[in-house]
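Per this note's numbering, the very first residue in the sequence shown carries number 2; after that it's consecutive.
All C-beta atoms, glycine included, are put in the ideal place defined by N, C-alpha and C.
Take a look at the structure set out below.
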Amino acid sequence: MKRFVLILIIVVLSENIYCKSPINSVQTTVLYHQKLNDSKSYPELIFNHSAAHYSNDGLIISKKDELVRLDKYYSLGERFIRYHAKFSDNTIATFQSNTGDFKVLVNLREHLLSIESDPEISKKIEFVNSKDEYILEIYHTYQQAKVKITNLSTGQYTEIEAVNDGPGGHGAGVINTGFRVGMQHDYYCFGLLEGDFLLVKQITVLSQKNDLVLLLYGDSITEPESYFPTDNYGESWTQLIMNHIKGKSMSSGRGGCTINEVLIRIKNELPYVKSKFVMVTIGTNGGNSIEKLSELVEYILAQNAIPILNNIPCNESQTHIEVNKQIEIVRQKYKLKGCRFDLVTSLNQDGLQVDKSCMFHEDYSGSWGQIYHHPNVKGSIQMFIRTLIDIPKIYQ
Numbered sequence: 002m003k004r005f006v007l008i009l010i011i012v013v014l015s016e017n018i019y020c021k022s023p024i025n026s027v028q029t030t031v032l033y034h035q036k037l038n039d040s041k042s043y044p045e046l047i048f049n050h051s052a053a054h055y056s057n058d059g060l061i062i063s064k065k066d067e068l069v070r071l072d073k074y075y076s077l078g079e080r081f082i083r084y085h086a087k088f089s090d091n092t093i094a095t096f097q098s099n100t101g102d103f104k105v106l107v108n109l110r111e112h113l114l115s116i117e118s119d120p121e122i123s124k125k126i127e128f129v130n131s132k133d134e135y136i137l138e139i140y141h142t143y144q145q146a147k148v149k150i151t152n153l154s155t156g157q158y159t160e161i162e163a164v165n166d167g168p169g170g171h172g173a174g175v176i177n178t179g180f181r182v183g184m185q186h187d188y189y190c191f192g193l194l195e196g197d198f199l200l201v202k203q204i205t206v207l208s209q210k211n212d213l214v215l216l217l218y219g220d221s222i223t224e225p226e227s228y229f230p231t232d233n234y235g236e237s238w239t240q241l242i243m244n245h246i247k248g249k250s251m252s253s254g255r256g257g258c259t260i261n262e263v264l265i266r267i268k269n270e271l272p273y274v275k276s277k278f279v280m281v282t283i284g285t286n287g288g289n290s291i292e293k294l295s296e297l298v299e300y301i302l303a304q305n306a307i308p309i310l311n312n313i314p315c316n317e318s319q320t321h322i323e324v325n326k327q328i329e330i331v332r333q334k335y336k337l338k339g340c341r342f343d344l345v346t347s348l349n350q351d352g353l354q355v356d357k358s359c360m361f362h363e364d365y366s367g368s369w370g371q372i373y374h375h376p377n378v379k380g381s382i383q384m385f386i387r388t389l390i391d392i393p394k395i396y397q
């Protein structure tokens, strides 16, 4: 009877939108949830049907080296995925990003749980077996990755953590040896590497916060957790802003993306987490147009949020000048506020030539050349101060 009650409690907690921690009370919100079986279809789960099939118990993967992809694009800085799974006694299963920048292995052959960083981080999981079912949770909290596996029959669990310590720059511009963990870009995937089968019964994606004051969107400039050294990550511009907000805030940055990707993921995130203000800093990688910026603004307004459209910081190729002209047109069109990040990252405070002392130096000799467009501590502090001038309402 006691064992039945324990199982019931754990299952209820695993499905509940509001989850309690013994240390902190953390309110989460569900971004995606499905209990899998053969009674319905799940078009968002993409896989080779010769490798896996649905049963009454869930999705059974029996072919090696084939991934199942959840076709929902997320980049929230504070999110996690929860799998309800069962393994064969010889299973080696992977739970990873579609880009392969982050991988978790559950290895029943050697009874190991590991994050496939370099070097690998792993821990023994002697309590994991083929008889019981498990909850596997994979957290992304800016620079921190955490993995937790819990036995639903006994309540035993193990956690491992890793912190992404960025290099600052690149090549000759590197200022820190760093430790690469990965940002879990962009789509959640899972599959069987070795063994008879992997059974996935349920998938839930959650945000670690909701009902925000501020949600920030952008590209790598809004994702300093990927390149900032951990020692001064708290002085990155996104963290400086969020740490001064009176209320909850979060960022959703993705290196290398354009407005096209922002338009996709904002629809998977904003309607669920909800935010009073939505700040967008996009265009360094091209792709902007007045039409797309207008579409983005109108979507944010339709979610009963207040759009903030920032100028992008200066860069070495001066592409920011034309990008910011378009952004200003759209700001005027919708009577929006925005921060002039270009002014505080330029040599003469005029938004023209980049002040290299405000940026990390990225040395790509032989290819892209010398890149200066990711704000360092100096640039970040100046960008934060500028928000106090241009958009003080976010702090009220």
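Ignore the nearest five residues each way along the sequence and tell me which others in residue i's own chain have a CB closer than 6 Å to its CB.
{"i": "Y143", "result": "G78 and E226"}
{"i": "L337", "result": "P308 and L310"}
{"i": "K1", "result": "Residue 1 lies beyond the stretch modelled for the chain, which goes from 2 to 397, so this question has no answer here."}
{"i": "S221", "result": "G256"}
{"i": "I122", "result": "I116, I161 and A163"}
{"i": "F198", "result": "I61, S63 and S89"}
{"i": "P23", "result": "The predicted model places P23 with a pLDDT of 35, which falls under 50 and marks its position as unreliable, so this point remains unresolved."}
Alpha carbon to alpha carbon, what distance is there between residue j and residue i?
{"i": "F342", "j": "I392", "result": "12 Å"}
{"i": "K69", "j": "Y33", "result": "Before going on, a small fix: residue 69 reads as Val here, not Lys. So the two alpha carbons sit approximately 16 Å from each other."}
{"i": "L389", "j": "H362", "result": "27 Å"}
{"i": "Y218", "j": "K277", "result": "14 Å"}
{"i": "S381", "j": "C258", "result": "20 Å"}
{"i": "H141", "j": "R80", "result": "5 Å"}
{"i": "I372", "j": "Q157", "result": "49 Å"}
{"i": "V13", "j": "T205", "result": "Because V13 carries a pLDDT of 35, less than 50, the predicted location of this residue cannot be relied on, and the following value inherits that uncertainty. Taking the straight line from one Cα to the other gives about 13 Å."}
{"i": "L37", "j": "E195", "result": "22 Å"}
{"i": "M360", "j": "T95", "result": "37 Å"}
{"i": "Q97", "j": "Q333", "result": "42 Å"}
{"i": "S253", "j": "L216", "result": "7 Å"}
{"i": "G248", "j": "I395", "result": "10 Å"}
{"i": "A146", "j": "S89", "result": "26 Å"}
{"i": "G169", "j": "E317", "result": "17 Å"}
{"i": "I265", "j": "Q209", "result": "20 Å"}
{"i": "I150", "j": "T159", "result": "6 Å"}
{"i": "K41", "j": "G59", "result": "11 Å"}
{"i": "G183", "j": "I93", "result": "21 Å"}
{"i": "I136", "j": "L241", "result": "35 Å"}
{"i": "G172", "j": "G287", "result": "24 Å"}
{"i": "G235", "j": "N211", "result": "22 Å"}
{"i": "I386", "j": "N57", "result": "57 Å"}
{"i": "M243", "j": "S250", "result": "6 Å"}
{"i": "N325", "j": "N312", "result": "5 Å"}
According to DSSP, is residue i part of a helix, a strand, or is it coil?
{"i": "D343", "result": "helix"}
{"i": "T92", "result": "coil"}
{"i": "Y335", "result": "helix"}
{"i": "R110", "result": "coil"}
{"i": "K247", "result": "coil"}
{"i": "E363", "result": "strand"}
{"i": "P376", "result": "strand"}
{"i": "P23", "result": "Note on P23: pLDDT 35, under 50, position unreliable in the model; no value is reported."}
{"i": "Q28", "result": "strand"}
{"i": "L37", "result": "coil"}
{"i": "I386", "result": "helix"}
{"i": "R181", "result": "coil"}
{"i": "L1", "result": "Missing from the structure shown is residue 1; the chain here goes from 2 to 397 and no further."}
{"i": "R255", "result": "coil"}
{"i": "Q97", "result": "strand"}
{"i": "G172", "result": "helix"}
{"i": "S1", "result": "The structure shown does not extend to residue 1, since the chain is modelled only from 2 to 397, so the question has no answer here."}
{"i": "S381", "result": "helix"}
Buried or exposed for residue i, please, with buried defined as at least 16 other CB atoms from any protein chain shown within 10 angstroms of its CB.
{"i": "D351", "result": "exposed"}
{"i": "Y189", "result": "buried"}
{"i": "S237", "result": "buried"}
{"i": "G370", "result": "exposed"}
{"i": "P120", "result": "exposed"}
{"i": "Q397", "result": "exposed"}
{"i": "R83", "result": "buried"}
{"i": "P376", "result": "buried"}
{"i": "V378", "result": "buried"}
{"i": "G367", "result": "exposed"}
Step through the CB atoms of chain C and report whether any lies within less than 9 Å of the CB of residue i.
{"i": "S42", "result": "Included in the structure is just one protein chain, with no chain C present."}
Which same chain residues, not among the five before or five after residue i, have their C-beta less than 8 Å away from its C-beta?
{"i": "V331", "result": "I291, L294, S295, V298, L310 and L337"}
{"i": "Q327", "result": "G284, N289, S290, I291 and L294"}
{"i": "N49", "result": "K64 and E67"}
{"i": "I405", "result": "Because the chain is modelled from 2 through 397, residue 405 falls outside the range shown and cannot be assessed."}
{"i": "V105", "result": "T95, F96, Q97, L114, S115, I116, E117, L137, I139 and V148"}
Taking 7 Å as the limit between beta carbons, can you name the residues of its chain near residue i, skipping five residues before and five after?
{"i": "K125", "result": "H112 and L113"}
{"i": "P272", "result": "Q304"}
{"i": "I267", "result": "Y218 and Y300"}
{"i": "T100", "result": "H186 and D187"}
Under 8 Å from any heavy atom of the ligand NAP, does the C-beta of residue i make it?
{"i": "C359", "result": "By its list of ligands, the structure shown contains no ligand whatsoever, and the ligand NAP lies outside what it can speak to."}
Inside the region 271–330 only - alpha helix (DSSP H) runs reaching at least 4 residues:
Segments of the alpha helix (DSSP H) lying fully in the region 271–330: 291–303.
Residue ranges of each beta strand (DSSP E) within the region 183–219, 3 or longer:
Counting whole runs of 3 or more residues, the region 183–219 contains the beta strand (DSSP E) stretches 189–195, 199–208 and 213–219.
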